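Structure first, then comments.
Numbering (full-length UniProt numbering), first residue to last: 1 to 788.
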């Protein structure tokens, strides 16, 4: 139902509402279709075009599965994925050892299509070991959605659908999709109460399933290091000694182990990455020279690997000399930047205490409101350093997990961050506004009679398949655009980045997929045929969408572009080693919840959509299990993103109630009992949601929120925190005093796009840059390894 019906207040709209207030006595031909009798988009197709669209989408799905199976069989190394990420610590991304992943896993999915059954046969413990806790919570969330949709499917198909079919408002044509919708019921039919009651039941079921899921979203203590506090708002001239002196003087019972100030390391991280790539390319060509006695000539220009002739400005250079020169230059720049980085403090610090209780006590002192007489005072305990450190400007929180921090983004803050955020999101809104115009064009095409010249082309492929495929294509492009826009916003933590991404993608998708295509509702052309439009969209998401997620087309396009732009085979090797990315839980949550919201919003008015929604989430679950295990690096996030996903899932049945309310309001009037009851339920639900949200915000102001935990059997979490020196935890890797110049990636091959090069044990004993003599790059050729 369209909540924006009141925007159109012209003469035709007044006449429309006047007609809606008169008791219904018109014929089937004049009601609901009087404005769309000559439609070539919204009418005239068999059962809303669903059978044709289903056949086409299933065919495309099997073609995509076949293509992916061929690629996987040809290039996949039996599921061995990236062991270490380029930019993070080894311990974070370490997977199972090579010795533990050979013979058993070679038999695990060695067949042509055995990967499909392997995705279900693998146990959650295996996924946990390889992908981390966040993957387990994400898959558990999907399983709860599956159980919820099974219950909703049974109720919608077995009860709501027969009730809709029992009406006689529309023609008795068995091929009419409208007979399955709520529009088929007469205005005064008491069975309309059943729809409102079931909408409330769906809301209760969603709350029950989501509440059950939240009880099992638990994190180990080390995921948020509660012995360490993150302090912002420090003067830039503050020193570690003064900060430590303040906490020691103001809180004598709290023992400070370490204070780590934050510095602007963005440029140093950039130079460090480029230096590593140059050194790895140099190692590659040195190894070739040592093993085969040949020196390779390269063209050091973008796309130079494809240049087969030497012209002025495109001269070839010796690879070893070129990368030696580049590596030496970058090493000098890194050394200069490392010397000056301590002169660029950010006014932030990580303060590590001996016990969790000490950090909790100080956090409470800074954040909780303490009432004294009639005045509320929030000043923390002072010390002789208070004026110098300006502690009233401090903002103190628990420190995120070190590997959750985006170190190169900490320098973007204050007005600079907000200005960047505003500009990026304004541009994003403008771009996505034009992306949503196909939905508006599709839903209002008949109004302008632009389809009359092609009335004889009216068939399910033109009227339903292509519009839903177009809408799915734009909705598939949207998460990629939002992903890169969120990266440009420079969030401080990856959890916050994923959470913001999830909210933005979900909101934009809901407007693109659900609200804007529904703008024809009050003209009475929305149902029944526009209901078929959303059924076809869910079908397209289930088969084409999940099939494309297996291929990971955006990643393939990016990978292809980077490979084309590479200067040499060594750089192509480096690119291959950087193709294993973290799983973007934020974008995946948002896309899945968008389809789930469409399913729930139309589960009452158009009950046939629910079984197809169940098919979508089942296929989505299978695809995600495969991708999490084989295609992505594990991510280390906070539990807030999983709780945020639960909150967004609760919006789906609320939108269903809104849809029913607007339908009842337009059909029966505001004073109708069903309209008033639906309005009451919606109002109560909104009040409860607002109260929940407010309490979720205000709880941080209560000192009771900071109670000291005394857990038994913590498996030595405190010991683990103190066992690793703070200097090796809350310091960027580029500033580690003993950081290695080369990562494990120099010794173990990393995953390329959807594949792993088939490497022999001998190649692993050397380094990943070994090439066979028969494929050594010649002076006149741009390739060095046929696997590239």
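We put the CB at the ideal spot given by N, CA and C, even for glycine. In this text the structure is predicted, and so the values were computed from the model without any measurement.
Beta-carbon gap between residue i and residue j smaller than 8 angstroms
| i | j | result |
| --- | --- | --- |
| residue 302 | residue 567 | yes |
| residue 505 | residue 590 | yes |
| residue 500 | residue 491 | yes |
| residue 206 | residue 649 | yes |
| residue 598 | residue 549 | no |
| residue 227 | residue 333 | no |
| residue 233 | residue 394 | yes |
| residue 132 | residue 494 | no |
| residue 421 | residue 489 | yes |
| residue 508 | residue 432 | yes |
| residue 192 | residue 685 | no |
| residue 236 | residue 347 | yes |
| residue 262 | residue 389 | no |
| residue 141 | residue 645 | yes |
| residue 247 | residue 351 | yes |
| residue 614 | residue 153 | yes |
| residue 660 | residue 187 | no |
| residue 341 | residue 265 | yes |
| residue 608 | residue 535 | yes |
| residue 662 | residue 217 | no |
Residue nearest to residue i in terms of C-alpha spacing, selected from the options
| i | options | result |
| --- | --- | --- |
| residue 335 | 235, 267 and 161 | 267 |
| residue 383 | 188, 243 and 515 | 243 |
| residue 730 | 63, 543, 211 and 349 | 349 |
| residue 558 | 337, 579 and 543 | 579 |
| residue 251 | 160, 340, 358 and 324 | 358 |
| residue 628 | 197, 588 and 660 | 588 |
| residue 734 | 291, 275, 684 and 555 | 275 |
| residue 67 | 202, 553 and 53 | 553 |
| residue 585 | 134, 664 and 625 | 134 |
| residue 572 | 298, 65 and 177 | 298 |
| residue 687 | 674, 670, 654 and 659 | 654 |
| residue 139 | 295, 168, 123 and 150 | 123 |
| residue 392 | 366, 407, 398 and 412 | 366 |
| residue 319 | 592, 53, 176 and 296 | 296 |
| residue 230 | 60, 363 and 570 | 363 |
| residue 208 | 342, 119, 269 and 149 | 149 |
| residue 616 | 172, 594, 604 and 631 | 594 |
| residue 327 | 273, 291, 292 and 339 | 273 |
| residue 280 | 570, 638, 400 and 398 | 570 |
| residue 803 | 677, 126 and 638 | Outside the shown range of the chain (1 to 788) lies residue 803, about which nothing can therefore be said. |
| residue 146 | 57, 51, 213 and 537 | 213 |
| residue 50 | 672, 537, 197 and 561 | 537 |
| residue 581 | 337, 198 and 556 | 556 |
| residue 689 | 677, 658 and 647 | 647 |
| residue 621 | 404, 543 and 656 | 543 |
In DSSP terms, what residue i is bridged to
| i | result |
| --- | --- |
| residue 791 | Missing from the structure shown is residue 791; the chain here goes from 1 to 788 and no further. |
| residue 405 | 493 |
| residue 263 | 345 |
| residue 571 | Paired residue(s): none; residue 571 is not in a bridge. |
| residue 582 | 633 |
| residue 258 | 352 |
Within-8 angstroms CB hit, residue i to chain D
| i | result |
| --- | --- |
| residue 245 | Absent from the structure is chain D; it holds one protein chain and no more. |
Check: residue i C-beta below 7 angstroms from any heavy atom of the ligand GDP
| i | result |
| --- | --- |
| residue 690 | Only the bare structure without any ligand can be found here, which leaves the ligand GDP out of the picture. |
Inset, instruction - Tell me the start and end of each unbroken alpha helix (DSSP H) in the stretch 287-373 that is at least 4 residues and wholly inside, in chain order. - result: Taken in chain order, the complete alpha helix (DSSP H) segments of 4 residues or longer contained in the stretch 287-373 are 319-340 and 356-367.
Inset, instruction - For the stretch 382-401 and the stretch 278-293, state whether three or more C-beta atom pairs, one from each stretch, are separated by less than 8 angstroms. - result: Cβ pair count under 8 angstroms is below three, so no.
Legend entry - Runs of alpha helix (DSSP H) lying entirely within the stretch 604-691, each at least 4 residues, in chain order: DSSP runs (the alpha helix (DSSP H)) wholly in the stretch 604-691: 609-630 and 640-668.
Legend entry - Touch test, the stretch 174-193 against the stretch 149-166, Cβ-Cβ under 8 angstroms, three pairs minimum: With contact defined as three or more Cβ pairs closer than 8 angstroms, the stretch 174-193 and the stretch 149-166 are in contact.
Legend entry - Every unbroken alpha helix (DSSP H) within the stretch 152-185, with a cutoff of 4 residues, ordered by chain: 161-165, all fully within the stretch 152-185.
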